[in-house]
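Here's the structure, in structure tokens; my notes come after.
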Amino acid sequence: MADEWRRKWARAGLARSLAVANLAIVAALLVAGAAQAAAKDGATWTLDVYDSRAVVWQDPDGSACTSAAVQTMLNLVAYEFPAEYMAPPDARASRTAPQWRADTSHGMTETLLGYERANMTMLAASAGTDPHGWRNALNYYGWGSINADVYRDSAYATFDAAARAVVTSLSRSHRPVGILARSGGHAQVVTGFVTAGRDPRVGDDFTILGVYVTDPLRLAALRDTWVSLEDWRSGATTVRFAPYLQADSPYRDGIDGAVGTAEWYGKWVIVDAVR
Numbered sequence: 007m008a009d010e011w012r013r014k015w016a017r018a019g020l021a022r023s024l025a026v027a028n029l030a031i032v033a034a035l036l037v038a039g040a041a042q043a044a045a046k047d048g049a050t051w052t053l054d055v056y057d058s059r060a061v062v063w064q065d066p067d068g069s070a071c072t073s074a075a076v077q078t079m080l081n082l083v084a085y086e087f088p089a090e091y092m093a094p095p096d097a098r099a100s101r102t103a104p105q106w107r108a109d110t111s112h113g114m115t116e117t118l119l120g121y122e123r124a125n126m127t128m129l130a131a132s133a134g135t136d137p138h139g140w141r142n143a144l145n146y147y148g149w150g151s152i153n154a155d156v157y158r159d160s161a162y163a164t165f166d167a168a169a170r171a172v173v174t175s176l177s178r179s180h181r182p183v184g185i186l187a188r189s190g191g192h193a194q195v196v197t198g199f200v201t202a203g204r205d206p207r208v209g210d211d212f213t214i215l216g217v218y219v220t221d222p223l224r225l226a227a228l229r230d231t232w233v234s235l236e237d238w239r240s241g242a243t244t245v246r247f248a249p250y251l252q253a254d255s256p257y258r259d260g261i262d263g264a265v266g267t268a269e270w271y272g273k274w275v276i277v278d279a280v281r
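Each number in the numbering used here corresponds to the 1-based position in the sequence shown with 6 added.
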């Protein structure tokens with residue numbers, strides 16, 4: 007396992023209760039066991055850009071999951087970006103710095119939600135926003151333009167294709183990836199992964215062992231939580247990544263020209279970094 011990829015996955019123990027810390031230890035042991043088993047077939051790779059300072063709850067607003075996800079993702083980007091100058095030279099070092107400055111206030115959560123709703127393809131009568139609104143808020147608040155094209159919304163015909171796209175985006179951009187969880191009715195953020203095989207930064211011949219998921223809903227109690235590949239594929243509703251089944255985005259998007267419902271329905275949808 008490459009040393010530079012062993013990042014941050016045990017950093018929050020002092021800030022958590024003893025019970026949560028114990029769960030984290032158990033999760034770490036499970037990850038280590040899976041990685042050890044997979045190592046028989048090749049190298050293992052891990053990355054986690056989670057930072058406990060960055061994450062916000064959507065509560066008390068039940069419709070603010072996507073805006074809380076935007077806020078968390080941009081906070082993580084803001085904390086991560088300076089570290090890129092300490093990394094080995096690669097394409098990341100020349101990227102445009104985000105204009106976002108870390109903000110964990112609920113007022114900002116609501117401001118982001120307002121922007122999403124003003125720039126989405128969903129029916130106004132529906133609560134929250136859709137992947138277009140989520141993408142637009144990330145680009146506008148993160149890089150100063152709705153057309154910044156740093157984040158995109160992407161849809162895949164299979165779970166496996168979407169899961170691999172999540173890992174590929176994370177490994178090559180070091181930016182968190184949003185996923186449309188609970189059949190598209192809820193937003194979650196993937197901050198890390200463990201894979202076996204080839205380095206996912208440079209090749210596609212890798213096997214996903216699991217991911218680290220953060221959920222903006224307090225009741226879900228998922229913060230940088232390890233989810234094995236099988237649980238992510240078919241586990242409990244709280245962690246399962248299921249196909250998008252929302253049908254209330256009938257308008258054509260001004261950025262990619264797609265009609266939301268036609269673009270996403272029945273597919274696995276993510277909001278991932280292009281660069």
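Ideal placement from N, C-alpha and C gives every residue a C-beta, glycine not left out.
Next item on the list: Pick helix, strand or coil for A84, following the three-state DSSP scheme.
Entry: Translated into positions along the sequence shown, residue 84 becomes position 78. Helix.
Item checked: Opening and closing residue of the alpha helix (DSSP H) in which D67 lies -> Numbered from its first residue, the sequence shown carries residue 67 at position 61. From DSSP, D67 is part of no alpha helix (DSSP H); its letter is neither H nor E.
Next item on the list: Within 10 angstroms of the Cβ of V76, are there 16 or more other Cβ atoms? Answer buried if so, exposed if not.
Entry: For this step, residue 76 is matched to residue 70 along the sequence shown. Answer is buried; the Cβ neighbour count reaches 16.
Margin query: Taking the straight line between their C-alpha atoms, what separation do you get for A43 and T50?
Written below: Looking up residue 43 in the sequence shown gives position 37. Looking up residue 50 in the sequence shown gives position 44. Its pLDDT being 47, under 50, A43 is placed unreliably by the model, and the measurement read from it follows with that caveat. Roughly 10 Å between the two C-alpha positions.
Notebook entry, point to check: So, helix, strand or coil for A38, using DSSP?
Noted result: Taking the first residue of the sequence shown as position 1, residue 38 is located at position 32. Caution applies to A38, whose pLDDT of 47 falls short of 50 and renders its modelled position unreliable; the value that the coordinates give is listed next. Residue state, collapsed to three classes: helix.
Note to self: For S160 and G68, what's the separation of their Cα atoms in angstroms?
What the structure shows: Here residue 160 refers to the residue found at position 154 when the sequence shown is read from its first residue. Here residue 68 refers to the residue found at position 62 when the sequence shown is read from its first residue. Whole-angstrom Cα-Cα distance: 25 Å.
Checklist line | For D65 and R170, believed in contact at Cβ under 8 Å, the rounded distance | finding: Along the sequence shown, read from residue 1 onward, the residue named residue 170 stands at position 164. Along the sequence shown, read from residue 1 onward, the residue named residue 65 stands at position 59. Between D65 and R170 the Cβ distance is about 32 Å, and since that is not below 8 Å, they are no contact.
Item checked: Sequence-distant residues of its chain with Cβ nearer than 6 Å to A343 (five each side left out) -> No answer is possible for residue 343: the residues shown for the chain start at 7 and end at 281.
Check: Run through DSSP, which three-state label would W106 get?
Finding: Counted from its first residue, the sequence shown places residue 106 at position 100. Under the three-state reduction of DSSP, W106 is assigned to coil, being neither helix nor strand.
Check: Do D254 and M126 have their C-beta atoms within less than 8 Å of each other?
Finding: Taking the sequence shown and counting its residues from 1, the one referred to as residue 254 is at position 248. Taking the sequence shown and counting its residues from 1, the one referred to as residue 126 is at position 120. Going by C-beta atoms, D254 is not nearer than 8 Å to M126.
Check: Roughly how many angstroms lie between the CA atoms of A163 and D109, to the nearest whole one?
Finding: Numbered from its first residue, the sequence shown carries residue 163 at position 157. Numbered from its first residue, the sequence shown carries residue 109 at position 103. Rounded to whole angstroms, A163 to D109 spans 35 Å at the Cα level.
Next item on the list: Answer with buried or exposed for G209, where buried requires no fewer than 16 other C-beta atoms within 10 angstroms of its C-beta.
Entry: Taking the sequence shown and counting its residues from 1, the one referred to as residue 209 is at position 203. Counting Cβ neighbours within 10 Å, G209 comes out exposed, since fewer than 16 surround it.
Item checked: Identified DSSP bridge partners for R158 -> On the sequence shown, position 152 is the one that residue 158 refers to. According to DSSP, R158 shares a beta bridge with D278.
Checklist line | Reduced DSSP secondary structure (H/G/I, E/B, other) of A268 | finding: Within the sequence shown, the letter at position 262 stands for residue 268. Residue state, collapsed to three classes: helix.
Next item on the list: Compare the beta carbon distance of L118 and Y147 with 8 Å and say whether it is the shorter of the two.
Entry: Walking along the sequence shown from the start, residue 118 turns up at place 112. Walking along the sequence shown from the start, residue 147 turns up at place 141. A contact, by the Cβ cut-off of 8 Å.
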